[in-house]
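Participant: Residue numbers (the numbering used here): 160 to 306.
We put the CB at the ideal spot given by N, CA and C, even for glycine.
If you're wondering where the values come from, they're calculated on a predicted model, not measured in any experiment.
(1) Going by DSSP in three states, residue 212 sits in which element: helix, strand or coil?
(2) Let me check understanding here. Comparing Cα to Cα, which of 183, 230, 187 lies closest to residue 208?
(3) Exposed or buried, residue 260, counting other C-beta atoms within 10 Å across all chains shown (16 or more means buried)?
(4) Does the distance from the C-beta atom of residue 180 to that of residue 262 stay below 8 Å?
(5) By the 10 Å Cβ neighbour count, where 16 or more other Cβ atoms means buried, how is residue 268 classified, buried or exposed?
(6) Would you identify the three-state DSSP class for residue 222, choosing helix, strand or coil?
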């Protein structure tokens, strides 16, 4: 799997991969966005529902396919985001995701780990009219994701 760290965290990642939380679709989502990691084929589509204040995330669901790291990260993020503000989501970075996973991630796997975060962040920016993007891609030239 290419990850190090304690067995407890590895087991947690495998549990989220095999039994993903909030996997599925939200029909009346405030916004939906999809992304991919072209290097390994991971895909994630996220539905986000905002509270009436349009600033607080009320619910998240995801669907996708890919490696254990990308899918576990999406599952864990779907548990973490409800109750947070869209501003807190926008401020998240790769270190927050790696901390959430609780294991060392090899440089080649960082793009897998942060895909769900990038999909959710881009979805917010599209929703707010700040970005025009059909699909998020974790590319080699992404300044937020080390190679």
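Facilitator: Concretely, from the data shown:
(1) As a working note, residue 212 is residue 53 in the chain shown. In the three-state reduction of the DSSP assignment, residue 212 falls in the coil class, being assigned neither a helical nor a strand state.
(2) The residue given as residue 208 occupies position 49 in the chain shown. Ranking the options by Cα distance to residue 208, first place goes to 187.
(3) Along the chain shown, one-based indexing puts residue 260 at 101. Label assigned to residue 260: buried.
(4) Against the chain shown, residue 180 aligns to sequence position 21. Against the chain shown, residue 262 aligns to sequence position 103. Their beta carbons are not under 8 Å apart, which means residue 180 does not touch residue 262 by this criterion.
(5) Taking the chain shown and counting its residues from 1, the one referred to as residue 268 is at position 109. Classification for residue 268: buried.
(6) As a position in the chain shown, residue 222 is number 63, starting the count at 1. In this structure, residue 222 counts as strand in the three-state DSSP scheme.
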